[in-house]
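Enquirer: Handing you this structure, nothing more for now.
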Ligand code: C5P
C-alpha cells in the first residue's frame with residue numbers, strides 16, 4: 043500500500059459489495075487492508091457470496107453487521123439500502139462476477155447490492171473476477187462497455203492462472219492493489235498548485251475570563267471541504283474556531299477563538315490565495331466590553347449586555363485587490379434563494395452555498411447536507427449526501443470554475 047493510499051482513504055466510508063466468486067476469500071483480507079489505510083468499511087453480500095465466505099467472517103473483520111437482505115423489515119428500519127447508499131463515499135464491489143456485472147449494466151435492483159448501486163451518488167468501482175472465457179464473452183464485454191459509459195470504474199482484472207486451471211484475464215486484483223486503486227479515486231489533482239483557505243467552526247466571543255457567546259457549529263462542513271481541497275492537490279489552510287475535530291491530512295490548521303482573530307488570520311492567509319471558502323459560523327456580535335475579572339451576580343434580576351458588531355470576514359476578503367475566488371455560505375430557514383442572492387451582492391462574493399436549516403436532516407451539526415450553489419448567472423442543486431461527499435462535489439465545482447474563469 044502506498045502512503046498516498048493512507049492519506050486519501052483516511053475516514054472514507056467504503057461499502058464493500060461481495061458477490062459470488064471464489065475470489066470472495068480475498069475480500070476478507072481486503073476489509074483489513076482498507077481499514078489499515080484508515081477507511082471505515084461496511085459489507086454487503088449477495089446470497090451467492092455467502093456460499094463462498096460467511097457473513098460472520100466479514101462481520102468480525104469489519105466490526106459492523108453484514109448486510110444481506112433487501113426486503114428485511116428489521117434491516118430496513120435500521121441501516122436500509124437508501125441509508126447505506128448515502129453512507130458510502132465509495133461502493134467497491136470485489137469480487138464482481140459476470141452475473142453481477144450483467145445485472146448492474148441493466149439497471150436491475152433485484153437484490154440489496156444492485157439497489158444500493160442504483161440509489162447511491164457515490165462512485166462505484168468493480169473488481170471483476172471470473173473465468174477467462176466468461177470475461178471474453180461478448181455479452182460481458184458489452185455490459186462492461188455500457189458501465190464504462192456510465193463512469194463506473196473498473197479495477198483490473200489481472201491476467202494469470204485461474205482457480206479453474208485456465209490461464210488468462212479474469213483474476214481479481216490483489217487486496218493491496220485494490221486499496222491503491224480505491225485511493226486514487228479520491229486524489230483528483232484538480233487544485234494542484236492552488237492555495238485554498240477555509241474558515242470553519244464557531245467563534246467564541248468572551249464576556250469575561252470564564253464565559254463566552256458562541257453557537258452550535260460543529261465545523262464538520264469546513265473540515266470536510268479542507269480534506270477535499272487537500273485531496274485535490276491544493277495547499278490548504280484551515281482557519282478554525284474551537285471544534286472537536288481532527289485536522290485532515292496535508293492541511294495546515296490555524297486555531298483561533300474570536301471573530302477578530304479569525305479575521306486577522308484570514309487576511310494573512312489571503313496573500314497568494316486562489317480560493318477562499320468561508321464555512322465558519324462567525325458570531326455576528328461580541329460583547330462591547332470584555333471584563334478582566336469574572337462578572338459577579340448582581341442584586342437585580344436582569345442584566346444588560348451591550349454587543350457590538352463583529353467584522354464580516356468573508357466580505358473583507360472579497361474587498362481585497364487582487365482577490366481570490368470567494369465562496370460564502372448562507373444558512374437560511376426561509377426564502378433560501380432570495381436571501382442567498384442578496385448575500386452574494388451584499389458581500390461581493392463570487393458564489394454562495396445555500397442550505398435550508400429548517401430541514402433537521404441536513405445542515406448544522408448533522409452528518410448530511412444538501413445545498414444550492416448560487417452565483418451571478420446560475421443556480422445548481424446538490425441533493426442530500428454526506429458532508430464528505432458534498433465537500434468533494436463542491437471542490438470539483440470550484441476547481442472547474444476557477445480554472446475556466
Ligand atoms: O451574514 P451571514 O452570517 O448570514 O453570512 C454567512 C457567510 O458569511 C458565511 O460564509 C460566513 O462564514 C461568513 N461570515 C463571515 N464573517 C462574519 C459573518 C459571516 O465571514 N462576521
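In the numbering used here, the protein residues as written are 43 to 447. Cβ atoms here follow ideal geometry from the backbone N, Cα and C, with glycine treated the same way.
Can you tell me whether DSSP reads residue 297 as helix, strand or coil?
Expert: The answer is strand: DSSP assigns residue 297 an E or B state.
Enquirer: Could you tell me which residues DSSP puts in a beta bridge with residue 423?
Expert: Its beta-bridge partners are 414.
Enquirer: Hey, would you say residue 308 sits closer than 8 Å to residue 355, going by beta carbons?
Expert: It is a contact, given that the beta carbons lie within the stated cut-off.
Enquirer: Is residue 377 a contact residue of the ligand C5P, with contact defined as CB to any heavy atom under 7 Å?
Expert: Residue 377: no, Cβ never under 7 Å from the ligand C5P.
Enquirer: Let me check understanding here. Comparing Cα to Cα, which of 203, 143 and 415 lies closest to residue 179?
Expert: Comparing Cα-Cα distances from residue 179 to each of 203, 143 and 415, the minimum goes to 143.
Enquirer: Keeping to the same chain, check which residues put their C-beta closer than 7 Å to that of residue 305; ignore five residues upstream and five downstream.
Expert: Excluding residues within five positions, the ones whose Cβ falls inside 7 Å are 353, 355 and 358.
Enquirer: So is residue 264 buried or exposed if we call it buried at 16+ other beta carbons inside 10 Å?
Expert: Result: buried.
Enquirer: Residue 348 by DSSP, collapsed to three states: which one?
Expert: It is coil, neither helix nor strand.
Enquirer: Can you check which of these residues, 205, 398, 444 and 274, is closest to residue 424 by C-alpha distance?
Expert: Comparing Cα positions, the closest option is 398.
Enquirer: Cα separation between residue 244 and residue 429?
Expert: If I take the Cα positions, the gap works out to 17 Å.
Enquirer: Residue 224 and residue 132 - do their beta-carbons sit closer together than 8 Å?
Expert: Cβ distance < 8 Å, so residue 132 and residue 224 count as in contact.
Enquirer: In terms of DSSP beta bridges, what is residue 228 paired with?
Expert: Paired residues: none, contrary to the question.
Enquirer: Does the beta-carbon of residue 279, which I'm using as the reference point, lie nearer than 7 Å to any heavy atom of the ligand C5P?
Expert: Result no, Cβ not under 7 Å from the ligand C5P.
Enquirer: Just list the alpha helix (DSSP H) runs in the segment 222–288, keeping only unbroken ones of 4 residues or longer that don't cross its boundaries, in chain order.
Expert: Segments of the alpha helix (DSSP H) lying fully in the segment 222–288: 262–273.
Enquirer: Alpha carbon to alpha carbon, what distance is there between residue 431 and residue 450?
Expert: With the chain covering 43 to 447 only, the question about residue 450 has no answer from this structure.
Enquirer: Please write down, chain order preserved, every residue whose beta carbon lies under 5 Å from a heavy atom of the ligand C5P.
Expert: Any residue whose Cβ sits closer than 5 Å to a heavy atom of the ligand C5P makes the list: 320, 322, 324, 352, 354, 355, 356, 370 and 371.
Enquirer: Give me the residue from 342, 440, 74 and 394 with the minimum Cα distance to residue 217.
Expert: Of the listed residues, the one whose Cα sits closest to residue 217 is 74.
Enquirer: DSSP three-state label for residue 69, please.
Expert: Helix, per DSSP.
Enquirer: Could you check where the beta strand (DSSP E) with residue 511 kicks off and where it finishes?
Expert: Lying before the first or after the last residue shown, residue 511 is absent from the chain, which here runs from 43 to 447.
Enquirer: Under three-state DSSP, which class holds residue 393?
Expert: Here residue 393 sits in strand by DSSP.
Enquirer: As an exercise, report each continuous alpha helix (DSSP H) stretch of at least 4 residues that is fully enclosed by the segment 100–181, in chain order.
Expert: For the segment 100–181, whole alpha helix (DSSP H) runs of length 4 or above, ordered along the chain, are 115–119, 123–129, 140–147, 154–161 and 174–178.
Enquirer: Are there 16 or more other CB atoms within 10 angstroms of the CB of residue 100, so buried, or fewer, so exposed?
Expert: Buried, by the Cβ-count rule.
Enquirer: Is residue 209 buried or exposed, if buried means 16 or more other CB atoms sit within 10 Å of its CB?
Expert: With fewer than 16 other Cβ atoms within 10 Å, it is exposed.
Enquirer: Three-state secondary structure (DSSP) at residue 217?
Expert: Looking at residue 217 - three-state DSSP - the assignment turns out to be helix.
Enquirer: Can you determine whether any heavy atom of the ligand FAD sits closer than 7 Å to the C-beta of residue 192, and answer yes or no?
Expert: Absence of the ligand FAD from the depicted structure is noted, with the ligand C5P being the only ligands included.
Enquirer: Can the beta-carbon of residue 166 be found less than 8 Å from the beta-carbon of residue 126?
Expert: Taking 8 Å as the Cβ cut-off, residue 166 and residue 126 do not qualify as a contacting pair.
Enquirer: Starting from residue 319, follow the beta strand (DSSP E) in both directions and report where the run begins and ends.
Expert: Element bounds for residue 319: 317–320.
Enquirer: In the structure shown, what three-state DSSP assignment does residue 444 receive?
Expert: In this structure, residue 444 counts as helix in the three-state DSSP scheme.
Enquirer: At the level of alpha carbons, what is the spacing between residue 315 and residue 364?
Expert: Near 10 Å, if we compare the C-alpha coordinates of residue 364 and residue 315.
Enquirer: On the three-state DSSP scale, how would you describe residue 55?
Expert: Strand at residue 55.
Enquirer: Return yes when the Cβ of residue 137 is within less than 8 Å of the Cβ of residue 171, no when it is not.
Expert: A contact, by the Cβ cut-off of 8 Å.
Enquirer: Residue 74 by DSSP, collapsed to three states: which one?
Expert: Residue state, collapsed to three classes: helix.
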